[in-house]
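In our numbering, the protein residues as written are 761 to 887.
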């Protein structure tokens, strides 16, 4: 039920606190990731063929494909692109709302300059 991108971000923050001589970050992440999962996510990972995931990037790709499907990404990206400031909403409130939308969909593929332009163009002059 948790946002898969937030889960990965928090997991990496925790893993980055562990450093062992002669053990790569990749190995630590692969070893520890199952312990961060519960219910369906754990069952999904457990059902993967042993040895089929050998790198952290492979695991992240498969995890996001399963728990952050393209349809969800498209929906969240559409929210970013069609963002509109609410009447009576302050600039700061609108900006925080917009940043939250972007954080919920880190794979949106929109360059920073375009995101800023879309935000600026969708502000209303209610003041």
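All C-beta atoms in this analysis are idealised placements derived from N, C-alpha and C, irrespective of residue type, glycine included.
Item to complete: Go through its chain and collect everything with a Cβ distance to residue 793's Cβ below 6 angstroms, but skip five positions before and after it.
Response: none
Item to complete: Starting from residue 875, trace the alpha helix (DSSP H) both ways and give me its first and last residue.
Response: 872 to 881
Worksheet item: According to the Cβ coordinates, are residue 865 and residue 882 closer than 8 angstroms?
Response: no
Worksheet item: Would a check of beta-carbon distances place residue 842 closer than 8 angstroms to chain C?
Response: Looking at the structure shown, chain C is missing, and only one protein chain is on hand.
Worksheet entry | Assigned exposure category for residue 787 - 16 Cβ within 10 Å defines buried | exposed
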